[in-house]
Amino acid sequence: MIHFVGAGSGAADLITVRGKKLLEDADVVIYAGSLVNPALLEYTKDICTIHNSARMTLEEVISVMEKAEAAGKTTVRLHTGDPCIYGAIREQMDILDEKGIAYDYCPGVSAFCGAASALNLEYTLPDISQSVIITRMEGRTPVPPLESIQSFAAHQATMVIFLSTGMLEELSRRLIEGGYREDTPAAIVYKATWDDEKKFICTVGTLAQTAKENDITKTALMIIGDVVGASGYDRSRLYDPAFTTEFRKASETKENS
24 MIHFVGAGSG AADLITVRGK KLLEDADVVI YAGSLVNPAL LEYTKDICTI
74 HNSARMTLEE VISVMEKAEA AGKTTVRLHT GDPCIYGAIR EQMDILDEKG
124 IAYDYCPGVS AFCGAASALN LEYTLPDISQ SVIITRMEGR TPVPPLESIQ
174 SFAAHQATMV IFLSTGMLEE LSRRLIEGGY REDTPAAIVY KATWDDEKKF
224 ICTVGTLAQT AKENDITKTA LMIIGDVVGA SGYDRSRLYD PAFTTEFRKA
274 SETKENS
């Protein structure tokens, strides 16, 4: 059996209870060594065989899985954050389907959630933003033509941008071209929830300058939108005394308003 496991956003204790149990029981672990906290490997048993996939091709990863399966061993494929976001898991699953090898998937805490926690940020604030766009800049790997930064910027929703730290001047240009103001609030969060986490509040126009001044060149997320440092948003109606829900009737007078 192959278990795809989300390692969480960085801190070793942010793996799920299920994910930790799977690591403890694993005979073989293949982990994304460039991004997964190596402290997580301390949860494995002494006889567990560990492979760092940062040095491996897809074919080599599958070969390790096949050999473990043939030997009756349990394998954990440990991905950073939640592997449904830029985890390249579908291509592995498709091959396992072709080979008739069983697998399952244990979700994890994504880095975009870890970045919000670093900033004590709520992505969805009433009357500010109710949508979150998760995307990345086009680099060596292209993005679909209809998913350009400019097209997403036109929505003025909250944006969380992965895998783009080395292209911040171009990112700013595209965000402004798409419709964001140059002074739109922004944040850079480096290694969210790791011990060496760093966070910086800036603007769309100062993303590159902020990263350069703080020597941030990789492993960071950019958060774009008015939710960064927002004030003056509407309170949630869910907890408004004048709002009826399935569990509570509205008061006749609005309290605490």
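Using our numbering, read the sequence shown as starting at 24 and increasing by one per residue.
Glycine is no exception: its CB is placed at the ideal position from the N, C-alpha and C atoms.
Just so we're clear, the structure is a prediction, and the values are computed from it rather than from any experiment.
- Message: Based on DSSP bridge pairs, tell me the residues matched to Pro208.
- Response: Taking the first residue of the sequence shown as 1, we reach residue 208 at position 185. DSSP lists Thr226 as partners of Pro208.
- Task: Determine the burial state of Glu278: buried for a count of at least 16 other Cβ atoms within 10 Å of its Cβ, exposed for fewer.
- Result: As a position in the sequence shown, residue 278 is number 255, starting the count at 1. Model confidence at Glu278 stands at a pLDDT of 48, short of 50, so the residue's coordinates are unreliable; what they give is reported in the following sentence. The residue in question, Glu278, is exposed, as its Cβ has fewer than 16 Cβ neighbours within 10 Å.
- Item | Completely contained beta strand (DSSP E) runs for the region 150-220, where each covers 3 or more residues | 155-159, 181-185, 208-213
- Task: Grab me the residues of Arg260's own chain with a C-beta within less than 8 Å of its C-beta, minus the 5 sequence neighbours each way, in chain order.
- Result: The sequence position of residue 260 within the sequence shown is 237, counting from 1. Within the same chain, Arg260 has close Cβ partners Pro149, Phe266.
- Message: With distance defined between alpha-carbon atoms, name the residue in Cys71, Ala243, Gly252, Ile151 nearest to Leu45.
- Response: By 1-based counting over the sequence shown, the position of residue 45 is 22. Considering only alpha carbons, the answer is Cys71.
- Tell me, please, which residues DSSP counts as bridged to Asn75. For the purposes of this step, residue 75 is taken as the residue at position 52 of the sequence shown. In DSSP, Asn75 forms a bridge with Tyr54.
- Burial state of Ser76, where buried means 16 or more other Cβ atoms lie within 10 Å: Along the sequence shown, read from residue 1 onward, the residue named residue 76 stands at position 53. Result: buried.
- Message: If the criterion is Cβ atoms closer than 9 Å, does the pair Glu205 and Ala231 meet it?
- Response: Counted from its first residue, the sequence shown places residue 205 at position 182. Counted from its first residue, the sequence shown places residue 231 at position 208. Cβ distance not < 9 Å, so Glu205 and Ala231 don't count as in contact.
- Can you give the beta carbon distance from Thr216 to Gly137, rounded, assuming they're within the 8 Å contact cut? Looking up residue 216 in the sequence shown gives position 193. Looking up residue 137 in the sequence shown gives position 114. Rounded, the Cβ-Cβ distance is 4 Å, consistent with contact.
- Check whether the Cβ atoms of Leu63 and Ala30 sit closer than 9 Å, and answer yes or no. The count along the sequence shown starts at 1 and reaches residue 63 at position 40. The count along the sequence shown starts at 1 and reaches residue 30 at position 7. A contact, by the Cβ cut-off of 9 Å.
- Would you call Val183 buried or exposed, if buried means 16 or more other Cβ atoms sit within 10 Å of its Cβ? Counting from 1 along the sequence shown, the entry for residue 183 is found at position 160. Val183 is buried by the Cβ-count criterion.
- Counting pairs of beta carbons, one from the region 87-97 and one from the region 128-136, are three or more of them closer than 8 Å? no
- Assuming Val212 and Ala141 form a contact by the criterion Cβ under 8 Å, report the distance between their Cβ atoms to the nearest whole angstrom. Sequence index remark: in the sequence shown, residue 212 carries index 189 (1-based). Sequence index remark: in the sequence shown, residue 141 carries index 118 (1-based). Indeed, because the Cβ distance is near 5 Å, the residues count as touching under 8 Å.
- Message: DSSP three-state label for Thr103, please.
- Response: Numbered from 1 along the sequence shown, position 80 holds the residue referred to as residue 103. Of the three classes helix, strand and coil, the one that applies to Thr103 here is coil, per DSSP.
- If you follow the alpha helix (DSSP H) that Asp120 is part of, which residue opens it and which one closes it? Looking up residue 120 in the sequence shown gives position 97. Per DSSP, Asp120 belongs to the alpha helix (DSSP H) from 113-122.
- Message: With distance defined between alpha-carbon atoms, name the residue in Tyr54, Ile112, Pro106 nearest to Phe135.
- Response: Sequence index remark: in the sequence shown, residue 135 carries index 112 (1-based). The candidate whose alpha carbon is nearest that of Phe135 is Pro106.
- Task: Could you tell me the distance, in whole angstroms, from the CA atom of Asp48 to the CA atom of Met24?
- Result: Translated into the one-based positions of the sequence shown, residue 48 becomes position 25. Translated into the one-based positions of the sequence shown, residue 24 becomes position 1. The alpha-carbon atoms of Asp48 and Met24 are separated by roughly 12 Å.
- Item | Counted within 10 angstroms of its Cβ, other Cβ atoms place Asn60 as buried (16 or more) or exposed | As a working mapping, residue 60 is identified with position 37 in the sequence shown. Asn60 comes out buried.
- Query: In three-state terms, what does DSSP make of Met283?
  - Reply: With the chain covering only 24 through 280, there is no way to say anything about residue 283.
- Message: Let me confirm a value: Ala209 is counted as buried when at least 16 other C-beta atoms fall within 10 Å, else exposed. Which label applies?
- Response: Within the sequence shown, the letter at position 186 stands for residue 209. Buried, by the Cβ-count rule.
- Arg41 to Val99, Cα distance in whole Å? Locating residue 41 in the sequence shown gives position 18, counting from the first residue. Locating residue 99 in the sequence shown gives position 76, counting from the first residue. So the two alpha carbons sit approximately 12 Å from each other.
- Task: Determine the burial state of Thr188: buried for a count of at least 16 other Cβ atoms within 10 Å of its Cβ, exposed for fewer.
- Result: Position 165 of the sequence shown, counted from the first residue, corresponds to residue 188. By the 10 Å Cβ count, Thr188 comes out buried.
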